[in-house]
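What follows is a single structure, written as structure tokens, with notes after it.
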Amino acid sequence: MKTPFSLVSFLVLLSLLVIPCLAFSADTVEGRIQGLNCVINHRVCPLDYLDPHVALESDFVLYIEKDDNYFLLPNIPRAVKVRHVGKKAKATGRIHKKYQALEADMLEIESNGKYQKVWTLKGQVNEWEEWQKNFYEGTRDGS
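In terms of our numbering, the sequence shown opens at residue 71 and continues consecutively.
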């Protein structure tokens with residue numbers, strides 16, 4: 071009787087260890103950074119960050135042309151997305167299907183056939199913390 075119980079216990083323990091790993095695995099999606107309005111309305115998209123159409127776009131998305139689908143990238147600053155409009159990109163993070171969004175941990179842009187990391191969530195958080203530290207240190211001494 072002990073053998074089945076220990077086997078069941080082992081399987082339960084194994085599933086408890088494996089399921090969290092699967093639940094938090096990152097998704098990677100490849101596409102192009104494009105304006106949200108142009109993708110939704112099937113209009114001319116900005117060719118690059120100098121294109122005047124960029125000013126008309128409220129946000130930018132990762133557009134997957136082969137599926138005619140897109141993902142919002144809500145936690146990546148607009149300025150970062152604008153810089154890379156029209157370029158092939160790869161975003162890694164968690165997909166939220168309900169909102170058609172990808173909560174990114176990293177954004178990579180293709181350059182000369184290789185992907186280059188241009189933004190990370192960790193880098194963004196570190197930058198913000200450094201800014202706060204400098205701001206509050208400057209206000210303590212009266213400057």
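The C-beta atom is built at its ideal place from N, Cα and C for all residues, glycine as well.
Cα-Cα separation between glutamate 199 and valine 114, rounded to whole angstroms: Those two C-alpha atoms are separated by around 39 Å.
Close-in-space but distant-in-sequence residues of the same chain around glycine 156 (CB under 6 Å, 5 per side omitted): Excluding the 5 residues flanking it on each side, glycine 156 has same chain C-beta neighbours closer than 6 Å at Leu117 and Asp118, in chain order.
Member of Thr190, Asp137, Ala125 and Lys160 whose CA lies at the smallest distance from the CA of proline 147: Answer by Cα proximity: Thr190.
DSSP has tryptophan 189 in a bridge; who is on the other side? BP columns for tryptophan 189 point to Leu177.
Please list the terminal residues of the continuous beta strand (DSSP E) segment that includes arginine 148. No beta strand (DSSP E) holds arginine 148; the alpha helix (DSSP H) holding it covers 148-153.
Is it right to say lysine 170 is buried, meaning 16 or more other beta carbons lie within 10 angstroms of its own, or is it exposed? Strictly speaking, residue 170 in this sequence is glutamine, with lysine absent from that position. Counting Cβ neighbours within 10 Å, glutamine 170 comes out exposed, since fewer than 16 surround it.
Alanine 96 in three-state terms, based on DSSP: Reduced to three states, the DSSP call for alanine 96 is coil.
Between proline 144 and glutamate 207, what straight-line distance do the alpha-carbon atoms span, to the nearest angstrom? Cα-Cα distance, rounded: 30 Å.
How is lysine 157 classed by DSSP in three states: helix, strand or coil? Correct three-state label for lysine 157: coil.
Using a 10 Å radius around the Cβ and a threshold of 16 neighbouring Cβ atoms, would you call glutamate 197 buried or exposed? For glutamate 197, the number of other beta carbons within 10 angstroms of its own is below 16, and it is reported as exposed.
Quick one: residues in its chain with C-beta nearer than 8 Å to the C-beta of alanine 159, no 5 flanking neighbours on either side, listed in chain order? Correct list, in chain order: Glu100, Gly101, Arg102, Ile103, Leu132, Leu177, Glu178, Ile179 and Glu180.
Valine 109: first and last residue of the uninterrupted alpha helix (DSSP H) it sits in: 106-111 is the extent of the alpha helix (DSSP H) around valine 109.
Alpha-carbon to alpha-carbon, glutamate 127 and serine 95: Rounded to the nearest whole angstrom, the C-alpha separation of serine 95 and glutamate 127 is 32 Å.
Taking Cβ positions, are leucine 172 and phenylalanine 141 nearer each other than 8 Å? Leucine 172 is a Cβ neighbour of phenylalanine 141, given a cutoff of 8 Å.
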